[in-house]
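Counting along the sequence shown from 1, when you hit position 100 you're at 238 in the working numbering, and nothing is skipped either side.
Quick notes on the structure that follows.
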Amino acid sequence: MTVVSGRTEGLQEPRAPYAGGLESLDREVELASLPVEGRIPSWLRGTLLRNGPARFEVGERGYNHWFDGLAMLHAFSLSGGEVGYRNRFVRSGSYREAEAKGRISRAEFGTDPCFGLFGRVMATFRPPVTDNANINVVRLAEGFAAMTETPLPIRFDPRTLETLGVVNYDDALKGTITTAHPHRDPETGDLYSYLTDFSLTSRYHLYRLAAGSRRRERIASMEVQRPAYMHSFAMTARDLVLAEFPLVVNPVRLLTSGEPFIRNYRWEPGRGTRFQVFDRVSGEHRGTWRGPALFAFHHINAFVDEEGAVVMDLAGYDDPRIIDFLYLESLRRGEPDFPRPTTWRIRLDPGGDGVERRVLSEQNIELPRVNESRVGRPYRYAWGTANRVRGHFTDALVKIDVTTGEASSWYREGCFPGEPVFVPRPQEKTAQGEAPAMDGGAAGSQQDAEDDGVLLSVVLDARASTSFLLVLDAATLSEEARATVPHALPLGFHGAFYGS
Ligand SMILES: [Fe+2]
139 MTVVSGRTEG LQEPRAPYAG GLESLDREVE LASLPVEGRI PSWLRGTLLR
189 NGPARFEVGE RGYNHWFDGL AMLHAFSLSG GEVGYRNRFV RSGSYREAEA
239 KGRISRAEFG TDPCFGLFGR VMATFRPPVT DNANINVVRL AEGFAAMTET
289 PLPIRFDPRT LETLGVVNYD DALKGTITTA HPHRDPETGD LYSYLTDFSL
339 TSRYHLYRLA AGSRRRERIA SMEVQRPAYM HSFAMTARDL VLAEFPLVVN
389 PVRLLTSGEP FIRNYRWEPG RGTRFQVFDR VSGEHRGTWR GPALFAFHHI
439 NAFVDEEGAV VMDLAGYDDP RIIDFLYLES LRRGEPDFPR PTTWRIRLDP
489 GGDGVERRVL SEQNIELPRV NESRVGRPYR YAWGTANRVR GHFTDALVKI
539 DVTTGEASSW YREGCFPGEP VFVPRPQEKT AQGEAPAMDG GAAGSQQDAE
589 DDGVLLSVVL DARASTSFLL VLDAATLSEE ARATVPHALP LGFHGAFYGS
């Protein structure tokens, strides 16, 4: 369909072709076996857990922004070539209060509750903090948690998707907001993340959470006047890097403006982007590197090169207008000039404070993923969603070879895929019964192994008003199988695969 902006009296509201993925899904179902086309690899056993917004109205009122919708978990279980599916809302405080009161009750990313005068005064001193954990799924502490950008991860049962309650950390670390994208070190299994604590003197806190622990160990803290909005951060095997994009907030304004959270942030491109680099072990602040103004939600990966420089790849934008395009009204309508990300490589000069930036690939990428064994290390492949047809949001899946910039893609007209999760093929047993080391063997085997596996993506088939789990060969992006849910699922954000 033609994407048209604006309204015409008496005619149907223009709708983007993917708008069926932005409607509320109220049903919670359990489907033992989905119809499968093709063949699911026999080694693929486990569960793909997905998270995303799934209810966009409460009572008479709708949420404003795609990031505001109430969280729903989806589980695709794979075993013996069969695929089962179930979904459940996260019973967060935001969800339970919305159900009980019949109205939006907590402040979200782009929506505030409607307060009367008294309520607004009270909320100024004690704003109701959302725990609507709709962004990601992470193995955390002793279990699984749904996460958003407030530090209130919500535990759930990965088999039933039943909500178990907020994770209680066993420490005194304080923060107002965080990222739903912690990094897991592939060697130790430790998680690394950061908090921003808004106060008269605001601070970033970087921390480590050992595998299986609920005690966050503070690695470093840094005072900041105007904290930046950072949806994710970068980690190498040596460093943690906060990329302070010049979308910044005065914390006092955040408390007193009465505006929804993200509307308090200001774009100040004159600041440039400040890369704050910290030693991952000692916490030493290695320095501040200043680069061109840009904005990003997602870092792709980062590593230390042979000269000791931090190299980081990201899905970047020239400015933060993308946030405005993701308001539901605009997103559902469809916008022909929807911003496309640029795949950038950024290198911090190891001998100074300069920054080199170059286009890594002409292929745009969003919701990027890598082989998790390469997190923080030199790597070769990134997978993600992409935009192919202008105004069609994410309508393709792509693979980029970051060493050459070459890319390949999967595209089907009328299909809108979500974040692709890479699942490595288990290593073959040797004749001695030992699994070969991931990085061992002859020269070249490491690179060969990096894309040896499958990609799992949940795809909206807009014409059929259904969604399907797509299994692609991660090396070639050829389709191996699809398993179809008999209705459309809302477009989601992030997820993870856990083997069984
Ligand atoms: Fe994200």
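C-beta: ideal position from N, C-alpha, C; glycine also.
- Taking C-alpha positions only, serine 215 is separated from glycine 492 by approximately 47 Å.
- As the crow flies, the alpha-carbon of alanine 626 is around 7 Å from that of glycine 158.
- Rounded to whole angstroms, the gap between the alpha carbons of valine 592 and arginine 528 is 28 Å.
- Inclusion of leucine 172 and arginine 193 in the CB contact set at 7 Å is not warranted, their separation being larger than that value.
- Excluding the 5 residues flanking it on each side, serine 468 has same chain C-beta neighbours closer than 8 Å at Asp462, in chain order.
- If the five residues before and after glycine 313 are omitted, its C-beta is found closer than 7 Å to the C-beta atoms of Pro289, Leu333, Thr334, Asp335 and His343, all from its own chain and listed in chain order.
- By the Cβ neighbour-count rule, threonine 317 is buried, with 16 or more other Cβ atoms within 10 Å of its own.
- For the 7 Å CB-CB criterion, glycine 556 and alanine 154 do not form a contact.
- Aspartate 377 is bridged by DSSP to Asp417.
- Burial of proline 251 is indicated by the presence of at least 16 other C-beta atoms within 10 angstroms of its C-beta.
- At a Cβ-Cβ threshold of 7 Å, proline 324 and glutamate 510 count as neighbours.
- Judged by DSSP in its simplified three-state form, asparagine 306 adopts coil rather than helix or strand.
- Straight through space, the alpha carbons of glycine 197 and methionine 373 are spaced by roughly 42 Å.
- Across the set Arg188, Gly200, Asp377 and Leu607, the C-alpha of Gly200 shows the shortest separation from the C-alpha of leucine 466.
- The way I'd put it, the stretch 365-385 does touch the stretch 446-454; three or more beta-carbon pairs between them come closer than 8 Å.
- When C-alpha distances from threonine 523 are compared across Asn270, Gly630 and Tyr345, the shortest belongs to Gly630.
- Per DSSP, reduced to three states, the secondary structure at tryptophan 482 is strand.
- Taking every protein chain shown into account, the CB of glutamate 566 has fewer than 16 other CB atoms within 10 angstroms, so this residue is exposed.
- For the pair aspartate 269 and glycine 231, the CB atoms are nearer than the 7 Å cut-off.
- Taking 8 Å as the upper bound for CB-CB distance, leucine 169 and arginine 224 are in contact here, some 7 Å apart.
- Assigned with DSSP and collapsed to three states, asparagine 225 falls in strand.
- If you draw a 10 Å sphere on the C-beta of glutamine 363, you find fewer than 16 other C-beta atoms in it, and that means exposed.
- With a threshold of 16 other beta carbon atoms within 10 Å, alanine 440 meets it and is buried.
- By the C-beta density criterion, threonine 542 is exposed, having fewer than 16 other C-beta atoms within 10 angstroms.
- Here DSSP, grouped into helix, strand and coil, assigns asparagine 402 to helix.
- For the pair of segments examined, the stretch 591-607 was found to touch the stretch 537-554: the number of CB pairs separated by less than 8 Å reaches three.
- Between the stretch 427-435 and the stretch 402-412, the count of Cβ pairs shorter than 8 Å is three or higher; the stretches touch.
- Taking every protein chain shown into account, the CB of leucine 187 has 16 or more other CB atoms within 10 angstroms, so this residue is buried.
- Taking a cut-off of 6 Å from the heavy atoms of ligand 1, the residues with a C-beta inside it are Ile273, His319, His369, Phe435, His436, Phe631 and His632.
- Taking C-beta atoms under 8 Å as the contact rule, tyrosine 345 and arginine 352 fail to qualify, at a distance of about 12 Å.
- Per DSSP, reduced to three states, the secondary structure at tryptophan 521 is strand.
- A residue is called buried when at least 16 other Cβ atoms come within 10 angstroms of its Cβ; aspartate 164 does not meet this threshold and is exposed.
- Here arginine 496 is exposed. Its C-beta has fewer than 16 other C-beta atoms within 10 Å.
- DSSP places proline 506 within a strand segment (E or B) once states are collapsed to three.
- Contact between phenylalanine 635 and glycine 218 does not hold, since the beta-carbon distance rounds to 17 Å and is not under 8 Å.
- Secondary structure note for alanine 209: its beta strand (DSSP E) is the uninterrupted segment 208-217.
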